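Reading through the structure tokens given below for one structure.
Protein chains in written order, with my numbering: chain A, 1 to 389; chain B, 1001 to 1340.
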């Protein structure tokens, strides 16, 4: 048990810090998806040119091939440097790319991996459907084999960046015989194909990152199937937990920084009672203290998860525990932020975006698997409780 | 950087668990009643022979020379089995005796030939000088040879005969409780703030609380797997499964942070006091919340003394009161400099 970093890790941290300081964009990421796409891709290209694209990808596929500890250091420094949210490059770098590395054919890898790394393409994820959310395996977007093509009909939803994406990791139903986990196929979808229609969905924070995607007789070559036809569930599952906790380091630091800012704000704002500052209010003070304890525990949990990942190549359920803990923490932090801001907490577009961040925080218990689904995973895989299915 | 035990540390965990499963299983409290709550003289000596009371003590002071990291592993196992506060008090009393100029007592404590109780200050006390003043709540002190009290000014060993303790029945019937006032008593031994005894105590209490929270989680999950209602094991229902999952999450936070704090304190890091308070607070929350959730999973049986759920509920409150209550630690967390 040891908190110290090695001299090499310290040198590595210095190298990362210097590079990010000199190269991370200083201007804010544009608010609309159409403007954000070129911004995201340019930043991805800059990381590629600097040799920092795909920090978790193996070197043989053009990635940086960092160790887990180095990845954690990278994400920490990324957050400290206020480097931009990965945005529309998220799916390509963190999901589609790793899936192709694990399960793609040589042709698929050669075609797509270099372009993802170099910031030439945007990917989106076509998994959820109106009738298949938490119960993803019940998805029903149909794909019929017709000659050398799959012919796709159906609908996807919650597809972030679909309106600006070039490619999609698409799960379709190719077989209805057998159980619902059988007969799903993972296929690379080209978003420019005829019959693909995208409709943005406005979200409660004013954003339009989410989209619905409709498919009408969309012909996708069978050569785009990753893995085997009907075996897409195992392909989709192969990259679950790919980040193994390191991805949480950036969020942990972002939350820690927000909380420290809130401490400062609380010392500056009048208390709700009008006597002293908000920081002098006992109830607010205790809530800040609890959050501070939880934020530092979040870092300890991340370290524990990474330590575990260093020992075992098999992803454990620690990612689910981190996610439950962090999501709950984020919501309470943002709610307290509004209370401390008082009347300004209701004014949009001011006060360093606290009202907007509050609205956004409601997504943290839903996106990437709801907290309820995570609790099922923890209950069943950590505690051995019986499955209800 | 590694937050998990190495091979040698894993051996400590395994050996401790094996030993305690035989010598101090939680079921002893059901079968043996109150006398089983604290180790008898023979068991205490056995623990002494195993090196427990000098585990984290430097070799030149008569200890084993391991660190706080090894001690937290030991106390997590003790906490899982609702071990007595005397074990925590005795380990820390050994340090005070060894470093505070009482080598004879230190030797007896290391050997498990003597035992200590824990004296928690009630309100403001004075232990920094040659005479001790103030009121204390004493845990498991009745059959102890000395009591240890600590605050941020240092730690002292107190002579139980130097004042008349007023015994009270404790909410936790397996813990002895007394209130006592000292008016100018001379301590048996004393160390200053540089030994950070009160911080070590908080970390060890957090370890016991973490272990207790884990016991609650494991008891709750086991019962949820075995108990059938509506023709199914109740753990299948999300109304039961999700509270069980929350217990697991609290355990993960509590234990990870306790290790974090132990290492920060061991290595003399600047943020050690902050990390220790975060650990003590979160471990206290985890223990109390998990104990209550476990009781609820057990339904009516959880309210009886035929199951162990009630033991955890009660002990959680005792351990939370040791080495600073939650409010004290929350105040320290708030006063710490920016943490980024």
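A virtual CB, placed ideally from N, CA and C, is assigned to each residue, including glycine. Keep in mind it's a predicted model, so treat the numbers as computed, not measured.
Answer with buried or exposed for residue i, where buried requires no fewer than 16 other C-beta atoms within 10 angstroms of its C-beta.
{"i": "residue 1101 of chain B", "result": "exposed"}
{"i": "residue 1047 of chain B", "result": "buried"}
{"i": "residue 1266 of chain B", "result": "buried"}
{"i": "residue 138 of chain A", "result": "exposed"}
{"i": "residue 1327 of chain B", "result": "exposed"}
{"i": "residue 1022 of chain B", "result": "exposed"}
{"i": "residue 1340 of chain B", "result": "exposed"}
{"i": "residue 1338 of chain B", "result": "exposed"}
{"i": "residue 1187 of chain B", "result": "buried"}
{"i": "residue 112 of chain A", "result": "buried"}
{"i": "residue 1243 of chain B", "result": "buried"}
Excluding five sequence neighbours on each side, which residues of the same chain lie with their C-beta closer than 7 angstroms to the C-beta of residue i?
{"i": "residue 332 of chain A", "result": "291"}
{"i": "residue 121 of chain A", "result": "92, 115, 166, 167"}
{"i": "residue 1227 of chain B", "result": "1233, 1234"}
{"i": "residue 52 of chain A", "result": "19, 64"}
{"i": "residue 1257 of chain B", "result": "1278, 1279, 1282"}
{"i": "residue 263 of chain A", "result": "288"}
{"i": "residue 158 of chain A", "result": "128, 210"}
{"i": "residue 409 of chain A", "result": "The structure shown has nothing for residue 409 of chain A, since chain A only spans 1 to 389."}
Once you ignore the five residues that flank residue i on each side, which residues in its own chain have a CB closer than 6 angstroms to its CB?
{"i": "residue 284 of chain A", "result": "278"}
{"i": "residue 287 of chain A", "result": "336"}
{"i": "residue 1335 of chain B", "result": "none"}
{"i": "residue 41 of chain A", "result": "119"}
{"i": "residue 71 of chain A", "result": "55, 56, 246"}
{"i": "residue 1016 of chain B", "result": "1074, 1077"}
{"i": "residue 117 of chain A", "result": "48, 53, 54, 62"}
Under 9 angstroms between beta-carbons, which chain B residues line up against residue i? List them in chain order, please.
{"i": "residue 307 of chain A", "result": "1001, 1002, 1003, 1004"}
{"i": "residue 2 of chain A", "result": "1001, 1002, 1003, 1006, 1069, 1263, 1267"}
{"i": "residue 157 of chain A", "result": "The premise fails here: residue 157 of chain A is roughly 24 angstroms from chain B at the closest Cβ pair, so nothing lies under 9 angstroms."}
{"i": "residue 202 of chain A", "result": "Those do not exist, as residue 202 of chain A stays about 31 angstroms from chain B at its closest Cβ, beyond 9 angstroms."}
{"i": "residue 251 of chain A", "result": "Result: empty, since nearest Cβ-Cβ is about 14 angstroms, beyond 9 angstroms."}
Are residue i and residue j close, meaning C-beta to C-beta below 7 angstroms?
{"i": "residue 1211 of chain B", "j": "residue 1076 of chain B", "result": "yes"}
{"i": "residue 185 of chain A", "j": "residue 174 of chain A", "result": "yes"}
{"i": "residue 370 of chain A", "j": "residue 134 of chain A", "result": "yes"}
{"i": "residue 1082 of chain B", "j": "residue 1315 of chain B", "result": "yes"}
{"i": "residue 1177 of chain B", "j": "residue 1112 of chain B", "result": "no"}
{"i": "residue 1055 of chain B", "j": "residue 1095 of chain B", "result": "no"}
{"i": "residue 1135 of chain B", "j": "residue 1181 of chain B", "result": "yes"}
{"i": "residue 1089 of chain B", "j": "residue 1097 of chain B", "result": "no"}
{"i": "residue 1297 of chain B", "j": "residue 1224 of chain B", "result": "yes"}
{"i": "residue 1152 of chain B", "j": "residue 1198 of chain B", "result": "yes"}
{"i": "residue 218 of chain A", "j": "residue 232 of chain A", "result": "no"}
{"i": "residue 235 of chain A", "j": "residue 226 of chain A", "result": "yes"}
{"i": "residue 28 of chain A", "j": "residue 36 of chain A", "result": "no"}
{"i": "residue 1139 of chain B", "j": "residue 1175 of chain B", "result": "yes"}
{"i": "residue 265 of chain A", "j": "residue 340 of chain A", "result": "yes"}
{"i": "residue 246 of chain A", "j": "residue 99 of chain A", "result": "no"}
{"i": "residue 1291 of chain B", "j": "residue 1312 of chain B", "result": "yes"}
{"i": "residue 5 of chain A", "j": "residue 74 of chain A", "result": "no"}
{"i": "residue 1221 of chain B", "j": "residue 1323 of chain B", "result": "no"}
Can you tell me whether residue i sits near the ligand MG, meaning its C-beta is under 6 angstroms from at least one heavy atom of the ligand?
{"i": "residue 1055 of chain B", "result": "This structure does not include the ligand MG; it has no bound ligands of any sort."}
Once the 5 residues before and after residue i are set aside, which same chain residues still bring their CB inside 8 angstroms of it?
{"i": "residue 1264 of chain B", "result": "1271, 1272, 1275, 1276"}
{"i": "residue 1241 of chain B", "result": "1224, 1235"}
Just the chain A side, please: which residues come within less than 8 angstroms of residue i by C-beta, in chain order?
{"i": "residue 1249 of chain B", "result": "321, 324, 325, 378"}
{"i": "residue 1256 of chain B", "result": "297, 300, 301, 303, 304"}
{"i": "residue 1275 of chain B", "result": "296"}
{"i": "residue 1282 of chain B", "result": "293, 294, 297"}
{"i": "residue 1009 of chain B", "result": "1"}
Starting from residue i, find everything on chain A with Cβ-Cβ shorter than 7 angstroms and list it in chain order.
{"i": "residue 1339 of chain B", "result": "256, 260, 292, 296"}
Cβ closer than 9 angstroms: which chain A residues qualify as neighbours of residue i?
{"i": "residue 1210 of chain B", "result": "By Cβ distance, chain A contributes nothing, its closest Cβ being about 11 angstroms from residue 1210 of chain B, past 9 angstroms."}
{"i": "residue 1225 of chain B", "result": "383, 384, 385, 386"}
{"i": "residue 1317 of chain B", "result": "In chain order: nothing, as chain A lies at least about 19 angstroms away."}
{"i": "residue 1334 of chain B", "result": "263, 279, 285, 286, 288, 289, 292"}
{"i": "residue 1296 of chain B", "result": "Near residue 1296 of chain B there are no residues of chain A at all, since even the closest Cβ is about 15 angstroms away, more than 9 angstroms."}
{"i": "residue 1074 of chain B", "result": "Result: empty, since nearest Cβ-Cβ is about 13 angstroms, beyond 9 angstroms."}
Which chain B residues are close to residue i, counting only those with a beta carbon under 8 angstroms from its beta carbon?
{"i": "residue 5 of chain A", "result": "1001"}
{"i": "residue 375 of chain A", "result": "1238, 1241, 1242, 1245, 1246"}
Runs of alpha helix (DSSP H) wholly within the stretch 161-199 of chain A (minimum 4 residues, chain order): Counting whole runs of 4 or more residues, the stretch 161-199 of chain A contains no alpha helix (DSSP H) stretch at all.
Alpha helix (DSSP H) segments (min. 4 residues) lying fully within the stretch 1270-1334 of chain B: 1272-1297, 1309-1321
Alpha helix (DSSP H) runs contained entirely in the stretch 1195-1235 of chain B, provided each spans 4 or more residues: List check, alpha helix (DSSP H) in window: 1197-1226.
Length at least 3, wholly inside the stretch 1127-1202 of chain B: the beta strand (DSSP E) runs in chain order: With a minimum length of 3 residues, the continuous beta strand (DSSP E) runs that stay inside the stretch 1127-1202 of chain B are 1132-1139, 1146-1151, 1154-1158, 1166-1168, 1177-1185, 1189-1191.
Every unbroken beta strand (DSSP E) within the stretch 83-135 of chain A, with a cutoff of 3 residues, ordered by chain: 123-126
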